[in-house]
Amino acid sequence: MWWLLVIPSLFLIFLVYASFCIRSGVFLRAFCGSRTARKVVALTFDDGPDPVHTPEVLEVLKAYEVSASFFCAGNKIPGQEELIRTMHHEGHLVGNHSYSHSWSFPFFPFEKMKTDVAACGAALEQVLSQPVPWFRPPFGVTNPVVARVVRTLGLKTIGWNIRSLDTLIQSRERLVARMVRNLRPGAVILMHDRMPHCAGVVRDLLEALRARGYQVVRVDELYNNLS
Ligand SMILES: [Zn+2]
Numbered sequence: 033m034w035w036l037l038v039i040p041s042l043f044l045i046f047l048v049y050a051s052f053c054i055r056s057g058v059f060l061r062a063f064c065g066s067r068t069a070r071k072v073v074a075l076t077f078d079d080g081p082d083p084v085h086t087p088e089v090l091e092v093l094k095a096y097e098v099s100a101s102f103f104c105a106g107n108k109i110p111g112q113e114e115l116i117r118t119m120h121h122e123g124h125l126v127g128n129h130s131y132s133h134s135w136s137f138p139f140f141p142f143e144k145m146k147t148d149v150a151a152c153g154a155a156l157e158q159v160l161s162q163p164v165p166w167f168r169p170p171f172g173v174t175n176p177v178v179a180r181v182v183r184t185l186g187l188k189t190i191g192w193n194i195r196s197l198d199t200l201i202q203s204r205e206r207l208v209a210r211m212v213r214n215l216r217p218g219a220v221i222l223m224h225d226r227m228p229h230c231a232g233v234v235r236d237l238l239e240a241l242r243a244r245g246y247q248v249v250r251v252d253e254l255y256n257n258l259s
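So, in structure tokens, the structure goes:
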């Protein structure tokens, strides 16, 4: 009777895929890149602002005259208001990455999740004096509750189609080689500005992109013009 387990197992595998692959689009359509012939990519950073490493990343972006997108965790905002305003004034997009960024966020019930996401939005709005409609779910997890929260709060969900794995891989060379290998026009690259090697990785990546004729744009530009 082992075969009776096959269908539930396949269904379970499908549910895990649908929840953990932000590109699956099963529960929620997240913008994960554009189909375009133009050699453009968007750099996105999650889990900041980090008082030490985010300014390092901003310096590199400024030196290369490149705009990027930062999805901030609300619980890291207190004390870093000036840093967030700097991101914004230097031309970067600031987005919502939930307040708690809790490991259990994907399992939150609707009201709790809505309150959490709205709290990050309110904190960012307070700092920037403008609404922040851009949202990236923690861990890139999507499920019916995340979809309902996004719908209720009227947010635009941003995913990615190139995951750097920069929280796991320490070697700058390997990280950049991995991103370049997966490079394609309209790609959205995921990195983390809380990682100590982030600024160095960004510098190496920008050199590699420049050598290949790629232009870096903000993710909202891809979303608005090329989606
Ligand atoms: Zn995150």
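So for the sequence shown, my numbering puts the first residue at 33; every next one is plus one. Note that CB positions come from ideal geometry on N, CA and C, so glycine has one too. Computed from a predicted model, the values in this text were never measured in an experiment.
{"Query": "V248 beta carbon less than 7 Å from that of V92", "Result": "no"}
{"Query": "P170 beta carbon near ligand 1 (any heavy atom closer than 6 Å)", "Result": "yes"}
{"Query": "Beta-ladder partner(s) of T68, from DSSP", "Result": "Answer is none; T68 lacks a bridge partner."}
{"Query": "L125, enclosing beta strand (DSSP E) - first and last residue", "Result": "L125 to N128"}
{"Query": "Near ligand 1: D225 beta-carbon under 6 Å from a heavy atom", "Result": "no"}
{"Query": "H224 and R204 closer than 7 Å at C-beta", "Result": "no"}
{"Query": "Boundaries (first-last residue) of the beta strand (DSSP E) holding M223", "Result": "A219 to H224"}
{"Query": "Proximity winner among A231, A240, T199 and S41, relative to R213 (alpha-carbon distances)", "Result": "A240"}
{"Query": "Buried versus exposed call for A243 [16 or more other C-beta atoms within 10 Å across all chains shown]", "Result": "exposed"}
{"Query": "Of the listed residues S56, P81, G127 and H133, nearest to Q112 (C-alpha basis)", "Result": "P81"}
{"Query": "Distance, L222 Cα to T86 Cα", "Result": "15 Å"}
{"Query": "Contacts around R55, its chain only, beta-carbon distance under 7 Å, and the 5 residues preceding and following it disregarded", "Result": "C64, G191 and N193"}
{"Query": "Those runs of the beta strand (DSSP E) which lie wholly inside the segment 97–160 and span at least 3 residues", "Result": "101–104 and 125–128"}
{"Query": "Contact check, L254 vs A74, beta carbons under 7 Å", "Result": "yes"}
{"Query": "Residue range of the alpha helix (DSSP H) that includes L93", "Result": "H85 to A95"}
{"Query": "Whole-number beta carbon distance between L197 and R210, since they are thought to touch under 8 Å", "Result": "7 Å"}
{"Query": "Pick from P169, L200, L207 and I201 that is closest to L187, judged by C-alpha positions", "Result": "P169"}
{"Query": "Residue-chain proximity (A231, chain C), Cβ-Cβ < 7 Å", "Result": "Reference to chain C is not applicable here, since this structure consists of a single protein chain."}
{"Query": "Rounded straight-line distance, which links the Cα of R235 to that of A179", "Result": "35 Å"}
{"Query": "Beta-carbon proximity of H133 to A105, cut-off 7 Å", "Result": "yes"}
{"Query": "For L36 and S259, the rounded distance between their alpha carbons", "Result": "Its pLDDT being 46, under 50, S259 is placed unreliably by the model, and the measurement read from it follows with that caveat. For S259 and L36, the distance between alpha carbons rounds to 42 Å."}
{"Query": "Among N175, K146 and V72, the one whose alpha carbon lies nearest that of L60", "Result": "N175"}
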